[in-house]
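A.B. asks: Using our numbering, read the sequence shown as starting at 8 and increasing by one per residue. This is the structure I have questions about; it appears just below.
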Amino acid sequence: MKHTISVYFQNNFNALSRIIGLFSGRGFEIDSVSFGEAKEKGMARMTIATHGDALIIEQINNQLNKLVDVVKVADLTNEPFVERELSLIKVKSTPETRSEITEVVNVFRAKIIDISPDTLTVEVTGKKAKVNAAIGMLRPFGLIEVARTGTVALKREFKGMT
Numbered sequence: 008m009k010h011t012i013s014v015y016f017q018n019n020f021n022a023l024s025r026i027i028g029l030f031s032g033r034g035f036e037i038d039s040v041s042f043g044e045a046k047e048k049g050m051a052r053m054t055i056a057t058h059g060d061a062l063i064i065e066q067i068n069n070q071l072n073k074l075v076d077v078v079k080v081a082d083l084t085n086e087p088f089v090e091r092e093l094s095l096i097k098v099k100s101t102p103e104t105r106s107e108i109t110e111v112v113n114v115f116r117a118k119i120i121d122i123s124p125d126t127l128t129v130e131v132t133g134k135k136a137k138v139n140a141a142i143g144m145l146r147p148f149g150l151i152e153v154a155r156t157g158t159v160a161l162k163r164e165f166k167g168m169t
């Protein structure tokens with residue numbers, strides 16, 4: 008089962024490598040990882056997408072909590088949370104295909120962020136499935152490059168009905 012784990016930690020020397028090393032050293036798999044500075048100075052937040060049975064996930068959470076730099080670990084999987092992935096996709100483009108590519112971009116509520124005589128660069132954000140679908144629809148035009156961030160996630164705080 009897929010799990011999304013949020014790790015809040017002190018962003019000091021080697022903290023990132025210790026967290027990632029925990030996964031590689033114990034044979035835990037990482038599907039994606041994203042991290043960046045947090046609101047507070049010297050702190051960072053990492054989102055790790057992984058998979059495994061309940062025992063594996065419990066081991067991951069326990070091992071992460073033992074790391075000195077880690078302040079908080081939250082498995083968001085069974086709680087309401089929002090998640091997004093960003094992808095930049097450079098696609099071959101000709102005057103004949105440009106309008107068709109633009110239609111695909113509009114369907115996915117994506118953006119064209121760069122244009123040249125031979126290419127369009129598209130920005131897609133959303134859940135992994137949406138990004139995969141957009142890439143699949145753009146593939147027939149000729150993908151030149153694809154860069155993806157991996158998942159970022161935050162717990163939802165709103166407790167009422169939506």
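Heads up, the beta-carbon is just placed ideally off N, CA and C, and yes, glycines get one too.
CA-CA distance, ALA140 and SER94?
C.D. replies: Looking at the two C-alpha atoms, the distance is approximately 12 Å.
A.B. asks: Starting from the C-beta of VAL138, find all residues in its chain whose C-beta is less than 6 Å away, skip the five residues before and the five after it, and write them out in chain order.
C.D. replies: Excluding sequence neighbours, VAL138 sits near GLU92, SER94, VAL131.
A.B. asks: Report yes if the C-beta distance between PHE16 and ILE26 is below 8 Å; otherwise report no.
C.D. replies: Cβ distance < 8 Å, so PHE16 and ILE26 count as in contact.
A.B. asks: Would you kindly report the start and end of the unbroken beta strand (DSSP E) that includes GLY133?
C.D. replies: Here the beta strand (DSSP E) through GLY133 covers 126-133.
A.B. asks: If I follow the unbroken alpha helix (DSSP H) through LYS48, where does it start and stop?
C.D. replies: It is not in any alpha helix (DSSP H) - LYS48 carries neither H nor E in the DSSP assignment.
A.B. asks: Can you say whether ARG52 is buried or exposed, counting buried as having 16 or more other CB atoms within 10 angstroms of its CB?
C.D. replies: Counting Cβ neighbours within 10 Å, ARG52 comes out buried, since at least 16 surround it.
A.B. asks: Which same chain residues end up closer than 8 Å to PHE115 when comparing Cβ atoms and leaving out the 5 residues on each side of it in sequence?
C.D. replies: The answer, listed in chain order, is VAL131, GLY133, LYS137, ALA140, ALA141, MET144.
A.B. asks: Can you look up GLU107 in the DSSP assignment and give me helix, strand or coil?
C.D. replies: Note: GLU107 maps to helix in three-state DSSP.
A.B. asks: Note down the Cα distance separating LEU83 from PHE20, rounded to an integer number of angstroms.
C.D. replies: Taking the straight line joining both Cα atoms gives about 27 Å.
A.B. asks: Among LYS135, VAL112, GLU103, which residue has its Cα nearest to the Cα of PRO124?
C.D. replies: It is GLU103.
A.B. asks: Around the Cβ of ALA22, are there at least 16 other Cβ atoms within 10 angstroms (buried) or fewer (exposed)?
C.D. replies: Answer is buried; the Cβ neighbour count reaches 16.
A.B. asks: In chain order, which beta strand (DSSP E) runs of at least 3 residues are fully inside the stretch 25-93?
C.D. replies: Whole beta strand (DSSP E) segments, 3+ residues: 39-44, 50-58, 77-82.
A.B. asks: Under 8 Å between the Cβ atoms of SER13 and ALA160?
C.D. replies: Cβ distance < 8 Å, so SER13 and ALA160 count as in contact.
A.B. asks: Have a look at ILE37 and GLU164 and give me their C-alpha separation to the nearest angstrom.
C.D. replies: Approximately 26 Å, taken between the alpha carbons.
A.B. asks: Whole angstroms is fine: what's the gap from ILE120's alpha carbon to ASN68's?
C.D. replies: Each residue's alpha carbon lies about 38 Å from the other.
A.B. asks: First and last residue of the beta strand (DSSP E) that includes ARG155?
C.D. replies: ARG155 -> beta strand (DSSP E) spans 150-155.
A.B. asks: Please classify ALA160: does DSSP put it in a helix, a strand, or coil?
C.D. replies: ALA160: strand per DSSP, three-state reduction.
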